[in-house]
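Residue numbers (the numbering used here): 443 to 661.
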């Protein structure tokens, strides 16, 4: 690729690749992540996971390893997005039930899961702040004569096109006013920086489940 030697040995064996490593950073797919976390548990390695698209069963299996593996599990490693997570909770708690909540996310046309893990996390944060069950109030589809919007629902809209790295906007819509909280990723560097930061933070941590809020000291 014209970038020269990186000094990193390429291996077809995860066990061999982890021999001199302390932390594995995983941005793959749920099935691959589950295979990787099993190896990390066997070798006593720490793990940072940014993969998304887990089914409830896959998520449960992943978290079952946290009694043996120190795991940072987050749908988005960006510092900016995680600051948005914190702000979202405060906005939702302050506004209460008087505002309708809609979430719109945009990504490139190659993204496989929908909605994005970041958008789902945003919905979960808002629902929790409002005392709602996200799985009960999330609305992923509106078409035809679907009736009036309920006060409790959280709308989730997805756009896929071109090379959009990632954009997320949460709308709090009230009578006569609207608040929009947006984050736009211009490139993927921020995800790499966040993942490396999480890996360094895990250095002295024991087995357990951690997220980027803990890594960044936002809790």
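Glycine included, C-beta positions come from ideal geometry on N, C-alpha and C.
Owing to the predicted nature of the structure, the values given are computational and were not obtained by experimental measurement.
For residue 472, the enclosing alpha helix (DSSP H) starts and ends at 472 to 485.
Taking C-beta atoms as the reference points, residue 636 and residue 450 fail to come closer than 8 Å. According to DSSP, residue pairing for residue 596 in a beta bridge involves 543 and 580.
Contact between residue 545 and residue 565 holds: CB atoms are separated by about 6 Å, below the 8 Å threshold. Residue state for residue 488 is assigned as strand, using DSSP reduced to three classes. 507 is the residue among 507, 570 and 607 whose C-alpha sits nearest the C-alpha of residue 483. Residue 614 has 543 and 621 as its beta-bridge partners, per DSSP. Scanning 448, 490, 463 and 459 for the CA closest to the CA of residue 638 turns up 490. Judged by beta-carbon spacing, residue 613 lies within the 8 Å limit of residue 622, meaning their Cβ atoms are closer than that value. Looking only at 457, 536 and 554, the smallest Cα-Cα distance to residue 470 is reached by 554. Around the Cβ of residue 616, a 10 Å sphere holds fewer than 16 other Cβ atoms; the residue is exposed. Sixteen is the threshold: since fewer than 16 other Cβ atoms of the shown chains lie within 10 Å of the Cβ of residue 601, the residue is exposed. Taking the C-beta atoms as reference points, residue 512 is found no nearer than 8 Å to residue 642. Counting the other CB atoms within 10 Å of its CB gives residue 468 a total of 16 or more, which places it among the buried residues. Looking at the backbone, the Cα of residue 570 and that of residue 540 are separated by about 16 Å. Scanning its chain for C-beta atoms nearer than 6 Å, with the 5 sequence neighbours on each side dropped, one finds around residue 627 the residues 607 and 608, in chain order. The three-state reading of DSSP puts residue 537 in helix, counting H, G and I together. Ranked by how close their Cα comes to the Cα of residue 486, the residues 631, 604, 509 and 658 have 509 in first place. In its chain, beyond the 5 residues on either side, 521 and 524 have a beta carbon closer than 7 Å to the beta carbon of residue 658.
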